[in-house]
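K.L.:
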Amino acid sequence: MGTLGETRNVLALHERTRLGWVAVGLALALALVNGYVAVLTAEAVFAVVALTFVVGVVVYATEYWRPVLYLLAAVHVGALGVVWVLDGFRFPLLGAATGALSLALFGVVLALFYRERGE
Numbered sequence: 002m003g004t005l006g007e008t009r010n011v012l013a014l015h016e017r018t019r020l021g022w023v024a025v026g027l028a029l030a031l032a033l034v035n036g037y038v039a040v041l042t043a044e045a046v047f048a049v050v051a052l053t054f055v056v057g058v059v060v061y062a063t064e065y066w067r068p069v070l071y072l073l074a075a076v077h078v079g080a081l082g083v084v085w086v087l088d089g090f091r092f093p094l095l096g097a098a099t100g101a102l103s104l105a106l107f108g109v110v111l112a113l114f115y116r117e118r119g120e
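Using our numbering, the letters of the sequence shown correspond one by one to residues 2 to 120.
(1) Give the C-beta separation of A48 and G57 to the nearest angstrom, bearing in mind that I take them to be a contact with Cβ-Cβ under 8 Å.
(2) Check the C-beta distance from V38 over to F92 and give it rounded, since I have them as a contact under 8 Å.
(3) Shorter than 7 Å, the distance from the beta carbon of V55 to the closest heavy atom of the ligand NAD, or not?
(4) I'd like the span of the alpha helix (DSSP H) that includes Y115, first residue to last.
(5) Is T63 close to chain B, meaning its C-beta is less than 8 Å from at least one C-beta of that chain?
(6) Using the three-state DSSP reduction, which class does T18 fall into: helix, strand or coil?
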């Protein structure tokens, strides 16, 4: 705890690795694709999904990020893939693009998790 009036920098961007920046790029690309679909379809669920990726990037940029959140990111992209399949493969071209980005993000966040856990 700091003293009254003391400012505290919660950004931790200097601690991020090249692979971490790849994860940021993939997450932002997924946010853009989902945001684009939200605009095309006027379906709020895609805007919410886009927002989840943006929030993830914002949290990643702070000192509050913990390795377990990499696993949460992996579960998140996996669950979105399952939802897409169960929803009947809507928007096949964008879905395939999102799937490729999601698979890449899945692999990157798992690699980051294992790297930070020292295993």
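Here a beta-carbon is modelled for each residue, glycine too, at the ideal position from N, C-alpha and C.
P.N.:
So, to answer that:
(1) Contact flag wrong, Cβ pair sits at about 15 Å.
(2) Taking 8 Å as the upper bound for CB-CB distance, V38 and F92 are in contact here, some 6 Å apart.
(3) This structure lacks the ligand NAD; in fact it carries no ligand of any kind.
(4) Segment P93 to R118, the alpha helix (DSSP H) holding Y115.
(5) Included in the structure is just one protein chain, with no chain B present.
(6) Coil.
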